[in-house]
Amino acid sequence: MRDSVTVSAPGKLVLFGEHAVVYGQPCIVTAVGQRMQMTMRKTDDKTLVIDAPDVNLRGYSKPIAELGKGNVPKSAQFIEHAVRAFCETHPIQGGLTIATSSEFSAKLGFGSSSAVVVCAIKAMALCMDVKLTDRAVFDLSFTTVMDIQKKGSGVDIAAAVYGGTLLFKRAGELIEPLAVEIPIVVGYTGVKSDTVTILNDIAQRATRDRKRIESLYSAMGELTMQAKSAIERGDWKAVGELMNRNQQLLSDLGVSSEKLDALIAAARAAGAFGAKLSGAGRGDCMVAIVPDEKRPAVIDAIRRAGGESIDVPVGVEGVRAEAPERDI
Ligand code: MEV
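Using the working numbering, read the sequence shown as starting at 492 and increasing by one per residue.
Below, the structure written as structure tokens:
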């Protein structure tokens, strides 16, 4: 048993099939090399204390017996619910202090809430000497996030737990690693999206226009499976073309935006094989598949179109314990 542990988990970018994955279709996600880091220490005083400066939370404190009860500030709820979920199956004696620091801003849409939940579950397992498989970490994290958000597929959680690039179906019905290096360029719109608000908005529209929206989702699912084969063949031109088609379907769904459209058009015009929004849409990031020799031109075009280019490796390792000297 350890008194203190530091863990980290990666953020994510969805490459194909976002939104459709919430309704049972497959998607492809990749873990990005910017990580959420968490240090957890055991204490004697039966209280949870959280410091999460990235979300302006300092010295938040709550008795372990009260976790999940009363008013929980938004910035604390994912960690508090994760600790409570773990304690329900593995009660703890004392208390905990938790400190987080993130290499990526919560604004990017890289899945910081899921990454923090995965870190909390993994850190608790290590601190309490409870052996949890990756699957168990995924399941407990998924239950925690669904308790709070009510909607979602768990794709962010899968990327945070398993890392790499994955073919994924809702709730982890399918989690298949795709071993490839992806020639990707990432552009940030500067606009923060709220995934749950967008999911609720689309669900609302689906009550009036079910057939059309279902047919968009099944077309996205088909594209995703074609993209899986193209990715495995390393046929990046085909992957780019499939991204362009996926983007059109997302636009038809109503989750693109002028800014996303501008960055995507700029990337394509500068020589990308294809480009699309990534994640919930209406802001956050876009991704482009780019031949090596066009990389500088595409990055420059995204910047000139008003975006921020995010230089980040993808397909990185999932949640892991960090060496003690990297404690924060
Ligand atoms: C958000 O990263 C991806 C969505 O498909 C939501 C989800 O799968 O939970 C929009």
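Just so you know, even glycine gets a beta-carbon here, dropped at the ideal spot from N, CA and C.
Q) Whole-angstrom Cβ separation of Pro668 and Gly655, contact assumed at under 8 Å? A) Mapped onto the sequence shown, residue 668 falls at position 177. Mapped onto the sequence shown, residue 655 falls at position 164. Yes, Pro668 and Gly655 are in contact; Cβ-Cβ is about 5 Å, under 8 Å.
Q) Is there at least one non-hydrogen atom of the ligand MEV closer than 7 Å to the beta-carbon of Thr686? A) Locating residue 686 in the sequence shown gives position 195, where the first residue counts as 1. Yes, the Cβ of Thr686 comes within 7 Å of a heavy atom of the ligand MEV.
Q: Please say whether Leu751 and Met777 have beta carbons closer to each other than 8 Å?
A: If you number the sequence shown from 1, residue 777 lands on position 286. If you number the sequence shown from 1, residue 751 lands on position 260. For Met777 and Leu751, yes; Cβs fall inside 8 Å.
**Q.** Boundaries (first-last residue) of the beta strand (DSSP E) holding Asp630
**A.** Here the question's residue 630 lines up with position 139 in the sequence shown. Counting along the chain, Asp630 falls outside any beta strand (DSSP E), though it belongs to the alpha helix (DSSP H) covering 625 to 640.
Q: Please determine if the segment 550 to 562 and the segment 497 to 508 are in contact, where contact requires at least 3 C-beta pairs separated by less than 8 Å.
A: no
Q) Thinking C-alpha only, which one of Ile693, Asp630, Ala697, Glu579 is nearest Glu664? A) For the purposes of this step, residue 664 is taken as residue 173 along the sequence shown, with counting starting at 1. Of the listed residues, the one whose Cα sits closest to Glu664 is Asp630.
Q. Going by the CB atoms, is the gap between Val746 and His510 shorter than 8 Å?
A. Residue mapping note: residue 510 aligns to position 19 of the sequence shown, counting from 1. Residue mapping note: residue 746 aligns to position 255 of the sequence shown, counting from 1. Yes.
Q: Going by DSSP, name the residue or residues bridged to Thr688.
A: On the sequence shown, residue 688 is found 197 positions in, with the first residue counted as 1. In the DSSP output, where bridge partners are listed per residue, Thr688 has none listed.
Q) Apart from the five residues on each side of it in sequence, which residues of its chain come closer than 8 Å, Cβ to Cβ, to Ala556? A) Numbered from 1 along the sequence shown, position 65 holds the residue referred to as residue 556. Taken in chain order, the residues that qualify are Lys537.
Q) To the nearest whole angstrom, what separates the beta carbons of Ser644 and Asp775, a pair I think is in contact under 8 Å? A) As a first step, residue 644 must be located in the sequence shown, where it is residue number 153. As a first step, residue 775 must be located in the sequence shown, where it is residue number 284. About 16 Å separates the two Cβ atoms, so there is no contact after all.
**Q.** CA nearest to the CA of Pro564, picked from Thr591, Ser709, Ile639
**A.** As a first step, residue 564 is located in the sequence shown; it is residue number 73 there, counting from the start. Nearest C-alpha to Pro564: Ile639.
Q. Does DSSP put Val807 in a helix, in a strand, or in coil?
A. As a first step, residue 807 must be located in the sequence shown, where it is residue number 316. Reduced to three states, the DSSP call for Val807 is coil.
Q.
Under 7 Å: does the beta carbon of Leu690 sit that close to some heavy atom of the ligand MEV?
A. Translated into the one-based positions of the sequence shown, residue 690 becomes position 199. Yes, since a heavy atom of the ligand MEV falls inside the 7 Å radius drawn around the Cβ of Leu690.
Q) Taking C-beta to C-beta, are Gly502 and Phe601 nearer than 8 Å? A) As a position in the sequence shown, residue 502 is number 11, starting the count at 1. As a position in the sequence shown, residue 601 is number 110, starting the count at 1. Closer than 8 Å, so yes.
Q | Met637 beta carbon less than 8 Å from that of Ile589 | A | Mapped onto the sequence shown, residue 589 falls at position 98. Mapped onto the sequence shown, residue 637 falls at position 146. No, the pair does not count as a contact, with Cβ atoms beyond the cut-off.
Q: Could you pull out every residue in the same chain whose Cβ sits closer than 6 Å to the Cβ of Val805, ignoring the five residues on either side in sequence?
A: In the sequence shown, counting from the first residue as 1, residue 805 sits at position 314. Thr521, Val523, Ile673, Ile675, listed in sequence order.
Q.
On a Cα-Cα basis, can you pick out the residue from Glu813, Ala763, Gly770, Ala814 that is closest to Asp791?
A. In the sequence shown, counting from the first residue as 1, residue 791 sits at position 300. Checked all of Glu813, Ala763, Gly770, Ala814; the closest Cα to Asp791 is Ala763.
Q: Please list the segments of the alpha helix (DSSP H) lying wholly inside the segment 731 to 794, counting only runs of 4 or more residues, in order along the chain.
A: 749 to 760
Q) Which two residues bound the contiguous alpha helix (DSSP H) that contains Ile722? A) Translated into positions along the sequence shown, residue 722 becomes position 231. From DSSP, the alpha helix (DSSP H) with Ile722 extends over 701 to 724.
Q: Return yes when the Cβ of Met531 is within less than 8 Å of the Cβ of Ser593, no when it is not.
A: Here residue 593 refers to the residue found at position 102 when the sequence shown is read from its first residue. Here residue 531 refers to the residue found at position 40 when the sequence shown is read from its first residue. No, Cβ-Cβ distance for Ser593 and Met531 is not below 8 Å.
(Q) Using a Cβ-based criterion (distance less than 7 Å to any ligand heavy atom), does Ser644 qualify as near the ligand MEV? (A) By 1-based counting over the sequence shown, the position of residue 644 is 153. Within the cutoff, so yes.
Q: Could you tell me whether the segment 570 to 590 touches the segment 605 to 624, using the rule of 3 or more Cβ pairs below 8 Å?
A: yes
Q: Could you have a look at Glu571 and say whether DSSP puts it in helix, strand or coil?
A: On the sequence shown, residue 571 is found 80 positions in, with the first residue counted as 1. Helix, per DSSP.
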